[in-house]
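Here's the structure we're looking at; comments come further down.
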Amino acid sequence: MNPKKIDSAIVGIGLTAFGFFYILKSGLIEYNLPEWIMKYESLIIPIVFLLRAIGEFKYVGFFKSVKQTDFGKLDTKLFSPLCLIIGIVGMLIQLTK
Numbered sequence: 003m004n005p006k007k008i009d010s011a012i013v014g015i016g017l018t019a020f021g022f023f024y025i026l027k028s029g030l031i032e033y034n035l036p037e038w039i040m041k042y043e044s045l046i047i048p049i050v051f052l053l054r055a056i057g058e059f060k061y062v063g064f065f066k067s068v069k070q071t072d073f074g075k076l077d078t079k080l081f082s083p084l085c086l087i088i089g090i091v092g093m094l095i096q097l098t099k
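Numbering-wise, my numbering comes out as the position in the sequence shown, counting from 1, plus 2.
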């Protein structure tokens, strides 16, 4: 996989937005979002990461078939476990609030 710079930028912006959402949810920054956004976004973010950890069965995730590339090895070792942890922690945060 050879992502373009714009692809990496979109992922980075998305991750920043997710992080900012959790800062708002924690109350560190006071800003009133509608309750439905707080409720559903709190579910959507961990689901996205859990789906990424599972993968699309070819290039990414625990169940990928292409494993011998540099990206595939790093995905197995780092990215998929990280996404799984983020997804689980996000669900735990949702359940405790």
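Idealized CB from N, CA, C, for every residue including glycine.
Since this is a predicted model, take the numbers as computed values, not measurements.
Q) Going by beta carbon distance, what residues of the same chain come within less than 6 angstroms of L52, once the five residues before and after it are set aside? A) Reading the sequence shown from its first residue, position 50 is the one you call residue 52. Excluding sequence neighbours, L52 sits near G89.
Q. Roughly how many angstroms lie between the CA atoms of I87 and Q96, to the nearest whole one?
A. Taking the sequence shown and counting its residues from 1, one reaches residue 87 at position 85. Taking the sequence shown and counting its residues from 1, one reaches residue 96 at position 94. Here the C-alpha atom of I87 lies approximately 14 angstroms from the C-alpha atom of Q96.
Q | Under the three-state DSSP convention, the category V62 falls into | A | Walking along the sequence shown from the start, residue 62 turns up at place 60. Here V62 sits in coil by DSSP.
**Q.** P83, DSSP secondary structure in three states
**A.** Sequence index remark: in the sequence shown, residue 83 carries index 81 (1-based). Secondary structure of P83 (DSSP, three-state): helix.
Q: Please report the Cβ distance between I47 and F20, rounded to the nearest whole angstrom; I am assuming they are in contact, meaning their Cβ atoms lie under 8 angstroms.
A: As a working note, residue 47 is residue 45 in the sequence shown. As a working note, residue 20 is residue 18 in the sequence shown. Confirmed, Cβ separation roughly 5 angstroms.
Q: Express the C-alpha separation of V62 and F23 in angstroms, rounding to a whole number.
A: Residue 23 sits at position 21 when you count from the first residue of the sequence shown. Residue 62 sits at position 60 when you count from the first residue of the sequence shown. Inter-residue distance for F23 and V62 is about 25 angstroms (C-alpha atoms, whole angstroms).
Q) What is the DSSP secondary structure of K7, counted as helix, strand or coil? A) Within the sequence shown, residue 7 is the residue found at index 5, counting from 1. The answer is helix: DSSP assigns K7 an H, G or I state.
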